[in-house]
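Heads up: the structure comes next, in structure tokens.
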Amino acid sequence: AQRVTQPEKLLSVFKGAPVELKCNYSYSGSPELFWYVQYSRQRLQLLLRHISRESIKGFTADLNKGETSFHLKKPFAQEEDSAMYYCALSGQTDKLIFGTGTRLQVFP
Amino acid sequence: NAGVTQTPKFQVLKTGQSMTLQCAQDMNHEYMSWYRQDPGMGLRLIHYSVGAGITDQGEVPNGYNVSRSTTEDFPLRLLSAAPSQTSVYFCATRTGEQPQHFGDGTRLSIL
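As structure tokens, then:
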């Protein structure tokens, strides 16, 4: 079965601190992994997808097939990074399966 | 291009009432889907469509109907609203290998 696990509901850090939002997945084939971000009362926006291997707003994420993880990292958090972050998986069925989300709070 | 347009943005219903949440897209995307977002549960797929005339159930389809008569529109119908359907509903579209585009959401409260 396809499943995405985000173990942290809330992650609070101070500005300038490193951030790591955890995401683990369960999928028998070769999945495509995404990170979506939702700022307060706005639509979900794509932040990263693993196949593009790019850095957006200073965030990076590496797919680790051995650990079935796709953790989101940023070396220096900014206040404007405060948002809800969702990890998502897409398999052969084209459906997008979301984790339960992690709220990131960055304090000044 | 407007992208993905959801109407209404807010709605309050009484238990047992029916209504339709509209989703329209002008990007000619073949794939459209409906999600509900609830605290602590993330986004859960309700129904989806891979093209006009084709729909299928997602993770939480009970209490909802959909149809896809055109590429542009994918309405979500609540036939008899229940308080458990209080949620924020998002429509999303996709084409090919591109990631999904989301609408602004509809905040629905059922009393």
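As they're listed, the protein sequences go chains A and B.
According to my numbering, the first sequence is numbered sequentially starting from 658.
According to my numbering, the second sequence is numbered sequentially starting from 14.
The C-beta atom is built at its ideal place from N, Cα and C for all residues, glycine as well.
The DSSP-derived three-state label of glutamate 43 of chain B is coil. In chain order, Gly55, Leu56 make up the part of chain B whose C-beta sits under 7 Å from the C-beta of phenylalanine 755 of chain A. With fewer than 16 other CB atoms across the displayed protein chains lying within 10 angstroms of its CB, isoleucine 67 of chain B is exposed. Aspartate 738 of chain A sits in a helix when the DSSP states are folded into three classes. Counting along the chain, glutamate 85 of chain B sits inside no beta strand (DSSP E), nor does DSSP assign it H or E at all.
Interface residue (Cβ-Cβ distance to chain A less than 9 Å): tyrosine 61 of chain B is classified as such. Arginine 700 of chain A sits close to phenylalanine 115 of chain B, with the two beta carbons spaced by under 9 Å.
Leucine 701 of chain A has a beta carbon lying within less than 9 Å of a beta carbon in chain B.
For the options A:Glu665, A:Gln659, A:Pro765, A:Phe733, the alpha carbon positioned closest to that of leucine 678 of chain A is the one of A:Glu665. Distance check between valine 694 of chain A and each of A:Pro765, A:Gly748, A:Lys752, A:Glu737 places A:Glu737 closest, using alpha-carbon atoms only. When DSSP reads this structure, valine 73 of chain B sits in no beta bridge, so it has no partner.
Taking a beta-carbon distance threshold of 9 Å, arginine 660 of chain A does not count as an interface residue toward chain B. Straight-line measurement puts the Cα of cysteine 36 of chain B at about 6 Å from the Cα of cysteine 104 of chain B. Cβ atoms of leucine 690 of chain A and histidine 707 of chain A come within 8 Å of each other, at about 4 Å. In the structure shown, serine 747 of chain A falls within a strand segment according to DSSP collapsed to helix, strand and coil. Under a 10 Å Cβ-count criterion, glycine 686 of chain A is classified as exposed, with fewer than 16 other Cβ atoms of the shown protein chains found around its own Cβ.
Spatial neighbours of leucine 720 of chain A in its own chain (CB-CB distance under 6 Å, excluding positions within 5 residues in sequence) are listed in chain order as Leu690, His707, Phe727.
Counting only residues of its own chain and dropping the five nearest sequence neighbours on each side, leucine 26 of chain B has a CB closer than 8 Å to the CB of Met32, Leu91, Ala94, Leu121, Ser122, Ile123, Leu124.
Residues of the same chain with a CB within less than 7 Å of the CB of glutamine 113 of chain B, apart from the 5 flanking positions on each side, are Ala105, Thr106, Arg107 in chain order.
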